[in-house]
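The next block holds one structure in the form of structure tokens; read it before the comments.
Residue numbers (the working numbering): 332 to 577.
As structure tokens, this is what we get:
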């Protein structure tokens, strides 16, 4: 199924957005993501006086709403009207666009310094991943940055457990998505991006994001593990900081 079609239901935006505050573990991950994004923009600001920013597949404006005050001009693009309905209520100064950059020449006249794309590439089919990366490559400046996440790193403890459970119960893994760091690196190389940094989080194999038991202790442990390079291959969440290659 084309991933473009999966977020078009009228109620999708409201339920998706609420989950980042309603589910305790997802809220912890979002807190870590905000810290990483803050660091990334701070580093870019040291090199640029003016930052034009695009949040691709911006959805409900979660990432865009957090970063828009830290950049000078910001845009969000998505193909889901229900997602953008929520985003319009959240963002304050960003321009929101309903459209598909793989099929329309959008923002071609703009020199974009930074693109974010969260919770997209893992879910998208392989052909769409490449289409989007080529489109982002066109939009970015020659020294522009792409920041995106993979929220099920192949090799993490949770992924290993879920696959083992699937084999034990004879459940097909056809609809279970994961991407390894090696696969992601290869995808980026084929589309003229290079990885300049990685961030990782989520060593503990927590499946139910509504989990509340010992949540403060879990957060403390995960924050510590995120600073230890050894835990990177076993972490569920990976954020890739990339630079465009000519």
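C-beta: ideal position from N, C-alpha, C; glycine also.
Would you mind working out which of 514, 518 and 403 sits nearest residue 379, comparing C-alpha positions? Looking up residue 379 in the chain shown gives position 48. The shortest C-alpha separation from residue 379 is found at 403.
Skipping 5 residues on each side, what residues in its chain have a beta carbon closer than 8 Å to that of residue 398? By one-based count along the chain shown, residue 398 stands at place 67. Excluding sequence neighbours, residue 398 sits near 368, 372, 384, 386, 405 and 447.
Nearest-angstrom Cα distance between residue 495 and residue 532? The residue given as residue 495 occupies position 164 in the chain shown. The residue given as residue 532 occupies position 201 in the chain shown. The straight-line gap from Cα to Cα measures roughly 22 Å.
Indicate whether the contact test is met: 3 or more Cβ pairs, each with one atom in the segment 477-492 and one in the segment 558-569, closer than 8 Å. yes
What is the rounded straight-line gap between the Cα of residue 521 and the Cα of residue 548? Taking the chain shown and counting its residues from 1, one reaches residue 521 at position 190. Taking the chain shown and counting its residues from 1, one reaches residue 548 at position 217. Cα-Cα distance, rounded: 41 Å.
Nonlocal neighbours in the same chain, by C-beta distance under 8 Å from residue 575, ignoring five residues either side: Here residue 575 is taken as the residue at index 244 of the chain shown, counted from 1. The answer, listed in chain order, is 468, 471, 472, 473, 474, 475, 476, 477, 523 and 524.
Provide the residue span of the alpha helix (DSSP H) that contains residue 466, from first to last. Counting from one through the chain shown, the residue named residue 466 turns up at place 135. 457-470 is the extent of the alpha helix (DSSP H) around residue 466.
Could you tell me which of 517, 421 and 408 sits nearest to residue 428, measuring between CA atoms? Translated into the one-based positions of the chain shown, residue 428 becomes position 97. Among 517, 421 and 408, the Cα nearest to that of residue 428 belongs to 408.
Residue range of the beta strand (DSSP E) that includes residue 565: On the chain shown, residue 565 is found 234 positions in, with the first residue counted as 1. Element bounds for residue 565: n/a, residue is neither H nor E.
What are the partner residues of residue 531, as DSSP defines its beta bridges? As a working mapping, residue 531 is identified with position 200 in the chain shown. The partner list for residue 531 (beta bridge, DSSP) reads 569.
Per DSSP, residue 404 is paired with what? Your numbering for residue 404 matches position 73 in the chain shown. Beta-bridge pairing links residue 404 to 383.
Span of the beta strand (DSSP E) around residue 423: Taking the first residue of the chain shown as position 1, residue 423 is located at position 92. That residue, residue 423, is in no beta strand (DSSP E); it is neither H nor E in DSSP.
DSSP three-state call for residue 541: helix, strand or coil? Looking up residue 541 in the chain shown gives position 210. If DSSP states are grouped into helix, strand and coil, residue 541 belongs with coil.
How far does the beta strand (DSSP E) with residue 431 in it reach, from first residue to last? The residue given as residue 431 occupies position 100 in the chain shown. Looking at the DSSP string, residue 431 is not in any beta strand (DSSP E), and its letter there is neither H nor E.
What number of angstroms, rounded off, separates the C-alpha of residue 542 from the C-alpha of residue 456? Here residue 542 is taken as the residue at index 211 of the chain shown, counted from 1. Here residue 456 is taken as the residue at index 125 of the chain shown, counted from 1. C-alpha separation (whole angstroms): 30 Å.
8 Å CB neighbourhood of residue 439 in its chain, flanking five on each side removed: Stepping through the chain shown from its first residue, residue 439 is reached at position 108. Excluding residues within five positions, the ones whose Cβ falls inside 8 Å are 469 and 470.
For residue 376, the nearest candidate out of 553, 444, 562 and 558 (CA to CA): By 1-based counting over the chain shown, the position of residue 376 is 45. Answer by Cα proximity: 444.
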